[in-house]
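Residue numbers (full-length UniProt numbering): 1 to 671.
In structure tokens:
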């Protein structure tokens with residue numbers, strides 16, 4: 001039975017459902033090319049914005065960057081910001097400290113600026129509440145408002161080729177093509193978003209970071225009764241991602257249900273009228289939702305249902321934290337093979353998956369124990385008989401779910417079975433079901449990435465990718481540290497091909513270096529397979545020639561860089577989706593972007609004519625404003641690291657050539 005379509009408007013304006021998707025306003029096409037557009041403005045991209053803001057190199061080069069956020073204003077997990085909830089990581093794992101302890105964006109500086117540093121030091125607790133952490137993140141966001149486009153939903157990211165003849169920058173932005181031709185290099189990415197008014201906004205960029213959190217994971221048993229638009233649909237099946245607003249939306253219905261049941265119940269059948277809630281899952285979110293329901297509806301029956309044998313505490317001990325979450329561990333995790341990484345993920349699951357903080361476990365246990373105590377109420381307001389019930393139903397899974405309508409009443413019927421015993425099915429009906437079933441964070445799960453699927457292997461299924469690799473002559477599927485041979489670069493190419501991502505979080509394209517080298521066995525020695533590279537072994541491999549001086553395939557290129565945050569646990573470790581790594585990763589990605597911007601092709605004549613950040617440096621048909629520094633020349637002409645090399649005689653000589661080439665280019669533009 002399909003979910004009824006009942007609409008409601010959230011009181012909290014933070015949640016930006018699209019108010020008017022049929023706006024008659026003309027599309028807004030920005031005529032500048034961004035060096036970086038960030039999709040989403042949660043902790044991951046906010047840490048990156050801070051890193052860029054504090055980077056002297058980014059300032060010196062005048063990089064243009066901005067972020068697009070669906071919410072109307074900044075808010076960190078507001079739908080599960082429950083009273084008394086505690087943060088689960090050290091406050092030193094903020095948006096800046098691990099990258100630069102002297103940053104003005106640290107949690108300690110926040111406490112200093114708001115006048116709570118001494119008071120915080122005097123507290124017995126060394127972990128802040130989630131409420132305080134939310135206030136800290138909001139404070140950081142308030143200092144970065146000029147970088148963020150709030151209230152925009154990204155609809156698509158599309159590749160733009162350089163095969164458009166005389167197309168200008170704006171022509172590219174307005175083009176209806178959704179993919180670059182297979183035989184053309186991709187130079188830019190077109191990002192299309194929608195404002196709350198319904199107006200479409202189009203931007204072009206050279207680099208993108210995707211940090212949008214995750215999409216709610218809804219088990220198949222519930223998918224047919226889960227609403228397509230949970231933000232604005234009244235539903236009896238609610239995911240933790242929309243817990244508070246959706247619970248608030250159904251409260252009037254729940255109150256009406258209780259009144260109707262009381263009205264038709266006799267004292268003898270009074271046990272039939274309390275509300276009944278089911279909470280699916282055994283993790284932190286499920287436990288917190290169960291406790292909140294218990295407090296909000298004290299007479300209700302709340303049942304936690306999960307497959308595991310019991311609720312398990314999260315392991316946040318020092319030794320485990322150091323091995324699972326220290327930034328340095330990312331290198332070790334990346335270098336390991338698939339088997340070793342899988343073993344580590346399984347071993348350290350207890351830090352973050354289907355586990356509950358000890359203080360929350362203790363509260364659950366106390367609630368269950370206290371409801372067993374029989375005590376009459378002697379005076380109004382004094383403690384007395386236990387109301388409602390909180391139950392733990394372990395070793396149980398939901399086989400099916402059905403939405404039942406009986407007159408004015410609506411409830412969810414669950415068919416449950418034991419995971420251990422060969423017992424008959426248990427059928428039970430609930431007034432509402434709450435899902436603490438986690439999130440999907442893989443890049444392929446985001447609809448706006450679909451236009452890039454022909455270019456990015458990670459967006460396709462592994463079987464399809466394996467066939468295409470084999471067709472290209474790459475049969476390597478061993479990405480372990482035990483690969484024979486001593487050529488580190490060749491091994492790194494294998495890792496990037498088999499994983500679809502690089503150590504510095506860039507998604508690998510079919511038209512990128514790992515697929516430009518001639519197919520070779522990972523067992524060949526470095527004498528036979530030596531490949532030149534720039535920068536570090538893991539993050540900045542760039543191929544030029546093989547040992548026999550044979551030019552690598554120079555065919556179509558995918559020049560933009562797409563960085564993905566939060567969905568890389570399989571390749572980068574469990575910390576990838578957590579606060580633990582945000583600041584450190586932001587520093588790594590900042591360095592990667594700065595290093596790689598110089599390798600991207602300089603703007604064409606048409607791009608220059610329609611880009612403000614180019615126009616500021618020159619006047620077409622008037623007085624030329626030449627790049628005045630080596631770095632500017634290097635940036636326009638697409639040369640990496642020349643800023644550093646310019647300190648040497650060799651660098652200065654090359655810069656002379658670059659400046660001369662720039663003059664020639666400007667002369668062509670002026671013609």
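Think of the CB as a built atom: it goes at the ideal place given N, C-alpha and C, for glycine as much as any other residue. Model, not experiment: these values are computed from the prediction.
Residue 278 (DSSP reduced to helix, strand or coil): strand
Boundaries of the alpha helix (DSSP H) in which residue 471 is found, first to last residue: 462–471
Residue nearest to residue 293 in terms of C-alpha spacing, selected from 586, 305, 278: 278
8 Å contact criterion, which residue 288 and residue 82 should meet: CB distance rounded: 6 Å
Cross-strand partners of residue 28 (DSSP beta bridge): 201
Nonlocal neighbours in the same chain, by C-beta distance under 8 Å from residue 372, ignoring five residues either side: 386
CB contact check: residue 281 to chain D, cutoff 9 Å: Included in the structure is just one protein chain, with no chain D present.
DSSP three-state assignment for residue 392, whether helix, strand or coil: strand
Own chain residues within Cβ distance below 7 Å of residue 329, not counting five before or after: 323, 573
As assigned by DSSP and simplified to three states, the class of residue 303: strand
Pairwise C-alpha distance: residue 449 and residue 224: 25 Å
Length of the line joining the Cα atoms of residue 199 and residue 411: 39 Å
Residue 255 in three-state terms, based on DSSP: helix
Bridge partners - residue 66, DSSP secondary structure assignment: 37
Supposed close pair residue 433, residue 237 - CB separation, criterion 8 Å: 5 Å
Inter-residue Cα distance where the pair is residue 112 and residue 261: 54 Å
Alpha carbon of residue 300 to alpha carbon of residue 563, nearest angstrom: 46 Å
Under the three-state DSSP convention, the category residue 693 falls into: Because the chain in this structure spans residues 1 to 671, residue 693 falls outside the shown range and cannot be described.
N- and C-terminal bounds of the alpha helix (DSSP H) containing residue 593: 582–597
Presumed contact (8 Å Cβ cut-off) between residue 211 and residue 40, rounded CB distance: 5 Å
Whether residue 446 touches residue 510 by CB criterion (9 Å): no
Residue 152 and residue 250 closer than 9 Å at C-beta: no
Whole-angstrom distance between residue 357 and residue 188, CA atom to CA atom: 45 Å
Identity of the residue in 453, 253, 94 nearest residue 130 by Cα: 94
Top-ranked residue by Cα proximity to residue 325, from 345, 192, 337: 345
C-beta atoms of residue 29 and residue 201 nearer than 9 Å: yes
Same chain, Cβ closer than 7 Å to residue 580, five either side skipped, listed in chain order: 89, 93, 325
N-terminal and C-terminal residue of the alpha helix (DSSP H) that residue 342 is part of: 338–347
Chain-order list of residues whose beta-carbon lies under 6 Å from that of residue 87 (same chain, five-residue window excluded): 127, 128, 130, 133
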